[in-house]
Amino acid sequence: MNKILIILTVYLLKDAVFSEIPCLTWEMTSEKLDIICRLDNVDLPVSIYDNFGNEQGKCVFKDFSALCSSLNKVADITASYSKGEFKLSFVNVTKSLIKGEWSCIQGTRIFKTAVSPSAGIISSTEVVLTGNISNDRISIKTVNMSCFSCREPHGNHVEFLMNHHSVDNVIYDRVTEKCLHKDGECRADQCACSNSGNWFTYTFDITNITAETKFSCGMRFVDKLISTRFLKFSTVIYDGKEFQSNGSETIITKAPVIIPENETDVSPNTPVKETANITKTGLKWSFIAMAAVLPVLLIMVICYCMKRKRKESVFRNCIPETVELNQPLLIDNKEPKENKQSVGKLVLLIATIAKKVIKRIVTCTLLTDDQTFTSYLNNENNKHTLFHAWHYKKKCCQCKPDDNGQKESLLTKQQFQIMYNNSGSVPQNHVHDINSKIHCLFNIAVNENVSLDVLDVSVANCLIVCGCTPEIKQEMSDTKSILDSMKIIKDKRNEIFNTADVNNLSDNEFMDKWQKIRSSVVDLASVVDTDFCNEIKGEIDDLQHENLKDATACSEKLADLAMQSNQDKSLKINQLYEEKFRSKLTEASKITGSHRYKETNIFTKMDQLLISIVKYPDVKMEDYPDRTTLDVLLQVQAPSDWDEDEIMEIIRQKIDQINSGGNIKIKETTLENFMLIVEIKIATLTKEEVLKNEIEDIFRIIFLQCDIDITQPNTLEVSIHTHNEKPSDFELAFIRSFVVQKGKDAFFTSCAVWSDDHYILIDRNNTLLITYNHRTGDVQSVNLRNEPFSMAIIDNNNVAISFPERQEIDIYSVSTSNKFAFREFIKVDGKCFTLTKKEDETLLVYIEEKGIHSFNMSKKEFKSLDIKIPSFVQHSDEICANKNRLYHTSRSTSSVFCYDMNGSMLWNFEGVLKRPTALTCDKFGNVYVTDYTSHHLYFISADGLSHKTLLSRDDKLKYPTFVYYCMKRKCLLIVNRDNGYAACYSVNYKQ
Numbered sequence: 004m005n006k007i008l009i010i011l012t013v014y015l016l017k018d019a020v021f022s023e024i025p026c027l028t029w030e031m032t033s034e035k036l037d038i039i040c041r042l043d044n045v046d047l048p049v050s051i052y053d054n055f056g057n058e059q060g061k062c063v064f065k066d067f068s069a070l071c072s073s074l075n076k077v078a079d080i081t082a083s084y085s086k087g088e089f090k091l092s093f094v095n096v097t098k099s100l101i102k103g104e105w106s107c108i109q110g111t112r113i114f115k116t117a118v119s120p121s122a123g124i125i126s127s128t129e130v131v132l133t134g135n136i137s138n139d140r141i142s143i144k145t146v147n148m149s150c151f152s153c154r155e156p157h158g159n160h161v162e163f164l165m166n167h168h169s170v171d172n173v174i175y176d177r178v179t180e181k182c183l184h185k186d187g188e189c190r191a192d193q194c195a196c197s198n199s200g201n202w203f204t205y206t207f208d209i210t211n212i213t214a215e216t217k218f219s220c221g222m223r224f225v226d227k228l229i230s231t232r233f234l235k236f237s238t239v240i241y242d243g244k245e246f247q248s249n250g251s252e253t254i255i256t257k258a259p260v261i262i263p264e265n266e267t268d269v270s271p272n273t274p275v276k277e278t279a280n281i282t283k284t285g286l287k288w289s290f291i292a293m294a295a296v297l298p299v300l301l302i303m304v305i306c307y308c309m310k311r312k313r314k315e316s317v318f319r320n321c322i323p324e325t326v327e328l329n330q331p332l333l334i335d336n337k338e339p340k341e342n343k344q345s346v347g348k349l350v351l352l353i354a355t356i357a358k359k360v361i362k363r364i365v366t367c368t369l370l371t372d373d374q375t376f377t378s379y380l381n382n383e384n385n386k387h388t389l390f391h392a393w394h395y396k397k398k399c400c401q402c403k404p405d406d407n408g409q410k411e412s413l414l415t416k417q418q419f420q421i422m423y424n425n426s427g428s429v430p431q432n433h434v435h436d437i438n439s440k441i442h443c444l445f446n447i448a449v450n451e452n453v454s455l456d457v458l459d460v461s462v463a464n465c466l467i468v469c470g471c472t473p474e475i476k477q478e479m480s481d482t483k484s485i486l487d488s489m490k491i492i493k494d495k496r497n498e499i500f501n502t503a504d505v506n507n508l509s510d511n512e513f514m515d516k517w518q519k520i521r522s523s524v525v526d527l528a529s530v531v532d533t534d535f536c537n538e539i540k541g542e543i544d545d546l547q548h549e550n551l552k553d554a555t556a557c558s559e560k561l562a563d564l565a566m567q568s569n570q571d572k573s574l575k576i577n578q579l580y581e582e583k584f585r586s587k588l589t590e591a592s593k594i595t596g597s598h599r600y601k602e603t604n605i606f607t608k609m610d611q612l613l614i615s616i617v618k619y620p621d622v623k624m625e626d627y628p629d630r631t632t633l634d635v636l637l638q639v640q641a642p643s644d645w646d647e648d649e650i651m652e653i654i655r656q657k658i659d660q661i662n663s664g665g666n667i668k669i670k671e672t673t674l675e676n677f678m679l680i681v682e683i684k685i686a687t688l689t690k691e692e693v694l695k696n697e698i699e700d701i702f703r704i705i706f707l708q709c710d711i712d713i714t715q716p717n718t719l720e721v722s723i724h725t726h727n728e729k730p731s732d733f734e735l736a737f738i739r740s741f742v743v744q745k746g747k748d749a750f751f752t753s754c755a756v757w758s759d760d761h762y763i764l765i766d767r768n769n770t771l772l773i774t775y776n777h778r779t780g781d782v783q784s785v786n787l788r789n790e791p792f793s794m795a796i797i798d799n800n801n802v803a804i805s806f807p808e809r810q811e812i813d814i815y816s817v818s819t820s821n822k823f824a825f826r827e828f829i830k831v832d833g834k835c836f837t838l839t840k841k842e843d844e845t846l847l848v849y850i851e852e853k854g855i856h857s858f859n860m861s862k863k864e865f866k867s868l869d870i871k872i873p874s875f876v877q878h879s880d881e882i883c884a885n886k887n888r889l890y891h892t893s894r895s896t897s898s899v900f901c902y903d904m905n906g907s908m909l910w911n912f913e914g915v916l917k918r919p920t921a922l923t924c925d926k927f928g929n930v931y932v933t934d935y936t937s938h939h940l941y942f943i944s945a946d947g948l949s950h951k952t953l954l955s956r957d958d959k960l961k962y963p964t965f966v967y968y969c970m971k972r973k974c975l976l977i978v979n980r981d982n983g984y985a986a987c988y989s990v991n992y993k994q
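Residues in the sequence shown are numbered from 4 upward in steps of one, following our numbering.
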C-alpha cells in the first residue's frame, strides 16, 4: 500500500503521464473470474499465478503489441498498453478452487490479492486518498486531492467531501472519454481522471484549514456475485505540514446474499474450470445469476461492437491495444485516415525533426570545433558531472570535499547507460580504501560507437543543464530559452501516450499540439543560425502537408518515444522518493531533537556474515513521555562488492513483505545510499541485547528478500542516527575584542573574518572599507566611491560591496599587506542592498522593487529567485544563505524567516526579537541574529523551534548592527553600530 500511495502522488505532477498504478485486483460474476493486474511500467514481461502458485498466463509488449499466452489454454489473457492493464479471465470456474491468494509478478515486483467468492470483494476493496498543498498563501490554500482504487468503482464515479459535506462529484465518461464534474467537463486545473476510470483528482481553494478539517473521497462498488452494494470512504487530515490518513469507512447499502462454495477436493494442479460435480444450491444460484447477467452482457457486447466499428483506436496502425500470441504487429483497419495522419505527423515531428534540431543544439553549445560526442563524454569533468546527474548524492573518487552536486537526480540508470557502461579499467596507481564505498569513475567507460543519435529530448536537456564546462567556447546566453523549448517538446511527447486524449484527436487539438511543438522546435533552431532555422521551417511545412502511407515508420518511432516517456516517469518517481525521504528525515529530526551517541561495537552473526552496530543514540524513556517509538536514520556500510543500487531497489519494491516481520518498520528509502528511515521502539534503543536482536531480525528478512548470500565471510556495519549528526550543544569562547575608529560619526554596517589575523569592516557614514590586523594593531582603510550598504567575502583575495545609489556591486581585491585595489564593478538594474554569498560561485542580492536575485560570477549574469518576501524592508533587513536555504530578518514584524530556494517558507521565528538587524548561519543551518534594541545576540536552531541568548549588554554589545560566521575558522565576529567595538568568539560544538 505504501508503494501505491507514493507512486499515485507522482501523477499530480504537471508533466506526468496519467495511466497506470501498480496493484492487483479481481472481479467475478456467476460465470466469469477476472484477475486484473495494473502496472506503472509495461516494458517488462508479466506473469499471473493462481492461488496454488501455478503460472496461468503471461504477457509482454513488443512495439506496443501485446504477446500473450495462456499456459493451460483454459484462461484468456489480454493486455492494454494505454491502461497498463493485464487481465486473466476464466469462465465456468469452481469457486472452491479459486479461493486464495493470487499473484502478479513482473521482474522482482510481486502484487497479490485475496480471492474469496463467498466473502465477495468488500474486504479486498480499498480506496486511497492522498493530498498536498501546491499554493500555501496566507489567506488561501490550494488543496490537491487524489483518490484511487485498484478496483473500478461503479459508474467510474467518485465524490469528494470536506468535513463530511459534498464538494463535487467527478465521473469518467467512457462514451465520450472525458472527465466530468458538476460544472461540466473538467479543466486541467480543476479535476482529472485516468482512462481506466479508477483514479481521480480534484483541486480547490479554501481559506481556512485546520487540524480539524477532514477531507474525504467516496466510491460506490457493486459485487454482482453476491448481489451487494457498498460505499468505501477514505479520509485524511492536514497537520500543518502534510496530509495524514484518518482511516477509512465501509457502508453496505445492500446486504450480500451468501453463496455456498463447491468444496469438491481437487488436486492443485488440476486446471481451474467447472466440473460436473456441482451442488444443487450452487447450480440454482448459477442459473439465477446467468439469467440476470447474460442479457446485460449481450447488450453490452452489441453496443461495444457498434462503437468499435465507428471508432477504432487512432493508434491501430502503430499500437494495437491487444494482440494474441503470434498475431501480426500491425493490423489494417477502417480507422479514419485523418486521425492516423495527425498522430503520425506529431510522432514524426518529435522523433525526426525535433531530434535533428536537438543534435545541432548539443553540437553548437557543448562541443568545441574539433570535439566529438565521444571525446566530450570521455572528458573527466563531464563524466563526473553526468555521473552525479544520475547519483546526485553519492560520492565518487573525483569528488572534492566542498562539492555540492545536483539538487536531485536528472537521469535514470537507463538514461545514463545510453552513454556509459561499467567496463572501464582502473590504473594500477589508483587505489581506494579497501572499505571505501565511494564510486570509482575509472570503472565507467563510454559506450562503443555512441553518437548524438542516441539522445532524446530528456537526456539532451540534462546535458545542457550539466554541460557548461570551461572547455565550452560559446557562452550559453540562450540556456533558459533552450531548456524552456525542450520542456514543451518533452511534455507534448508524453501527452501522446495519454491514449484517452489521442483517440479523439480533433482538428483543434491536433493544431494546438502541432503549433506548440513547431514553435519550440523553430525557437531551438534559431539558436543555431538563420539558415538552419529556415531549413527546419521548410521540413516542418513539408511534413504538415505530406500524405503519410507507411505505418511501419510511425510504429518504430512510437516505440522509441514510449521508452523515453517511461524513463521520464521513472525519473519522477525516483525524485518523489528522494523528496519524501528528505521530508521524512526532517520530520523525524524535529521530533527526536539531538542526542549523544554510544559509540561501541555490538556484534551479531548470521551464518558467516557479521553485523556490527557501531553507533546508536543514547535515549531514555523519560525523554519521550508521550511516545513509544521514534523514526530514526539507519545507515549501513555494506561490503564493497555488494550492489547497493540493486539492494535498495528491491527493498523499495518489497517494503511490505519486509515490514510484515519484526518490530523495526521501514518508513522511507533512498536510492542514493544504503540508508533507511525506520520506526523503532524507544525501549529497544535503551537495551543493547534487544537492539541487537531487532537489527538481526530486520536484516535477516532483507537478506532473504534480496537473495543475499550470507555464507561468505563479510562484515556489515550499522549506525543509527536521530538528528543527522547535528550538534547537541555548543558554547561560545571569547577570542579577542578591538576598537576601530577611522572617522567621525562612524556607522559600521558590515564585518567579516578575512584571515587568521585580519578582520574587514564597512563604515557606511564615512564610506570606508577598513582592515584590522590584530597581531600588529595596524588599521588600514580605503575610501569608497559612494555610500556602501553591504559586503560579502568572495574568496581569500576578493570582497564584494553593494552601492544602492550607484546601482552597482564593486569587487575589491585585498592582500595580506592590508592593501585594497578596485578590480571591477557589476552593473545592477536597480538599487542593490543586502548582499551575501552562497557556497558556490553565486552572490545573492536584494534589488529594490525586484526582490532577491542571484548573480553567477563565472557567467556574469543575474537571475531572479522566485522568493516572495512581502515584509522585507530593503534599507534595514538582511539576508544570508546556507546550502538550499535562505534566511532574512524582518524589522517590520520583529522576526526571522527561513525559506527554501524554491520560495517555500519553512519557518518563522517571532515573539522574542524586538528589532533584528543582521543574521548569519553556520554549516548546520543554525542562525545567529543581532537585536538592535535589546543589545542581544540570539541563537535560533536550524528548525526554528528553539532559541537562546548568547551575548548581551553585559558583553559590551551596544546597538549591534552586524554579525558574521566564518565557516573555515568556526568563529563569530560581531560589531556595534557607532563606537567601533568588535568582538570575535569561537563556536565550539559538542556531540
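All C-beta atoms, glycine included, are put in the ideal place defined by N, C-alpha and C.
query = Should the region 222-229 be called in touch with the region 149-160, which here means at least 3 C-beta pairs below 8 angstroms?
reply = Using a Cβ-Cβ distance cut-off of 8 angstroms, the region 222-229 and the region 149-160 are in contact, since at least three pairs of beta carbons, one from each stretch, lie closer than that value.
task = Spatial neighbours of Met293 within its chain, please: CB distance less than 7 angstroms, with the 5 preceding and 5 following residues excluded, ordered by chain position.
result = Low confidence applies to Met293: its pLDDT is 49, below 50, so where it sits in the model is not reliable, and the reading given next is rough at best. Take Met293, set aside five residues on each side of it, and the residues of its chain with a beta-carbon closer than 7 angstroms to its own are Ser33 and Glu34, in chain order.
ask   = CB Lys61 to CB Leu74, shorter than 9 angstroms?
value = Judged by their CB atoms, Lys61 and Leu74 are nearer to each other than the 9 angstroms cut-off.
ask   = Out of Ile124, Val930, Thr936 and Tyr935, which has the shortest C-alpha to C-alpha gap to Ser944?
value = Each of Ile124, Val930, Thr936 and Tyr935 was checked against the Cα of Ser944, and the nearest Cα belongs to Val930.
Whole-angstrom distance between Asn166 and Leu679, CA atom to CA atom = Straight across, the Cα-Cα distance linking Leu679 with Asn166 is about 36 angstroms.
query = Using a Cβ-Cβ cut-off of 6 angstroms (strictly less than) and excluding sequence neighbours within five positions of Asp813, which residues of its own chain qualify?
reply = A distance below 6 angstroms between beta-carbons, with the five flanking residues on each side excluded, links Asp813 to the following residues of its chain, in chain order: Ile804 and Phe828.
request  = Let me know the beta strand (DSSP E) ranges lying completely inside the region 597-621, each 3 residues or longer, listed in chain order.
outcome  = Unbroken beta strand (DSSP E) runs of no fewer than 3 residues, entirely contained in the region 597-621, are found at 600-609 and 612-620, following chain order.
ask   = Under three-state DSSP, which class holds Arg177?
value = The three-state reading of DSSP puts Arg177 in coil, since its state is none of H, G, I, E or B.
Continuous alpha helix (DSSP H) stretch holding Met904: start and end = Element bounds for Met904: n/a, residue is neither H nor E.
task = Report yes or no: do three or more beta-carbon pairs, one from the region 639-655 and one from the region 688-699, lie closer than 8 angstroms?
result = Contact fails: fewer than three Cβ-Cβ distances are below 8 angstroms.
Where Ser248 sits in the DSSP three-state scheme = Ser248 falls in the strand class under three-state DSSP.
request  = Leaving out five residues on either side along the sequence, give the residues of the same chain with a beta carbon under 6 angstroms from the beta carbon of Ser722.
outcome  = Once the five neighbours on either side are set aside, the close Cβ partners of Ser722 are Val617, Lys618 and Gln638.
request  = Can you grab the Cα-Cα spacing for the pair Gly541 / Cys709, in whole Å?
outcome  = Their Cα atoms are separated by approximately 55 angstroms.
Under the three-state DSSP convention, the category Ala528 falls into = DSSP, read as helix, strand or coil, puts Ala528 in helix.
query = Buried or exposed: which applies to Asn464, given that a residue is buried once 16 or more other Cβ atoms fall within 10 Å of its Cβ?
reply = Only buried fits Asn464, as 16 or more other CB atoms lie within 10 angstroms of its CB.
request  = Pull up the distance between the alpha-carbon of Leu328 and that of Ile136, whole angstroms please.
outcome  = Note on Leu328: pLDDT 29, under 50, position unreliable in the model; the coordinate value appears next. Here the alpha carbon of Leu328 sits roughly 46 angstroms from the alpha carbon of Ile136.
ask   = Is the beta carbon of Thr368 less than 9 angstroms from the beta carbon of Ile485?
value = In contact: Thr368 and Ile485 (Cβ atoms closer than 9 angstroms).
task = Helix, strand or coil for Asn135, going by three-state DSSP, please let me know.
result = If DSSP states are grouped into helix, strand and coil, Asn135 belongs with the strands.
query = Can you name, in chain order, every residue of its own chain whose Cβ lies under 6 angstroms from the Cβ of Phe203, other than the five neighbours on each side?
reply = Excluding positions up to five away in sequence, the list reads Cys150, Val161, Val173 and Cys196.
ask   = When the Cα atoms are used, what is the spatial distance from Ala357 to Ser857?
value = Straight-line spacing of the CA atoms in Ala357 and Ser857 works out to 32 angstroms.
inquiry  = Am I right that Leu719 and Ile614 are in contact with their C-beta atoms under 8 angstroms? What's the rounded C-beta distance?
reply    = Right, their Cβ atoms sit about 5 angstroms apart.
key: Chain-order list of residues whose beta-carbon lies under 8 angstroms from that of Asp934 (same chain, five-residue window excluded)   = Leu916, Lys917, Arg918, Pro919, Thr920, Leu940, Tyr941 and Pro963.
message = Quick check on the burial criterion: 16 or more other C-beta atoms within 10 angstroms. Buried or exposed for Ile977?
response = By the neighbour-count criterion, in which a residue is buried when 16 or more other Cβ atoms sit within 10 angstroms of its Cβ, Ile977 is buried.
query = Which class does Trp3 belong to by DSSP, given the choice of helix, strand or coil?
reply = In the structure displayed, the chain extends from 4 to 994; residue 3 sits before or after that span and is not available.
request  = Pick helix, strand or coil for His157, following the three-state DSSP scheme.
outcome  = The answer is helix: DSSP assigns His157 an H, G or I state.
Cys443 versus Ser643: straight-line alpha-carbon distance, rounded = The straight-line gap from Cα to Cα measures roughly 12 angstroms.
key: Residues that His856 bridges to, as DSSP identifies them   = Paired residues: Val848 and Ser867.
ask   = Is the Cβ-Cβ distance between Ser461 and Asp563 less than 9 angstroms?
value = No, the pair does not count as a contact, with Cβ atoms beyond the cut-off.
Closest Cα partner of Thr253 within the set Lys830, Ala985, Ser126 and Ala214 = When the alpha-carbon of Thr253 is set against those of Lys830, Ala985, Ser126 and Ala214, the nearest one is in Ser126.
request  = Would you mind giving the Cβ-Cβ distance between Pro120 and Leu228, rounded to the nearest angstrom? I have them listed as a contact below 8 angstroms.
outcome  = About 6 angstroms; that satisfies the 8 angstroms criterion.
key: Identity of the residues DSSP links to Asp37 by a beta bridge   = Assignment of beta-bridge partners to Asp37 by DSSP yields Glu30 and Ser92.
ask   = With distances taken between CB atoms, is the gap from Asn446 to Asn425 smaller than 9 angstroms?
value = At the C-beta level, Asn446 and Asn425 come within 9 angstroms of one another.
key: Endpoints, beta strand (DSSP E) assigned at Asp934   = Here the beta strand (DSSP E) through Asp934 covers Val930 to Asp934.
message = Checking the sheet assignment: what are the DSSP bridge partners for Met222?
response = Met222 is bridged by DSSP to Lys235.
key: Short Cβ contact (9 angstroms threshold) for Ser793 with Ser753   = With contacts defined by Cβ atoms closer than 9 angstroms, Ser793 and Ser753 form a contacting pair.
key: Given 8 angstroms, three or more beta-carbon pairs between the region 360-374 and the region 395-403   = With the rule of 3 Cβ pairs closer than 8 angstroms, the region 360-374 does not count as touching the region 395-403.
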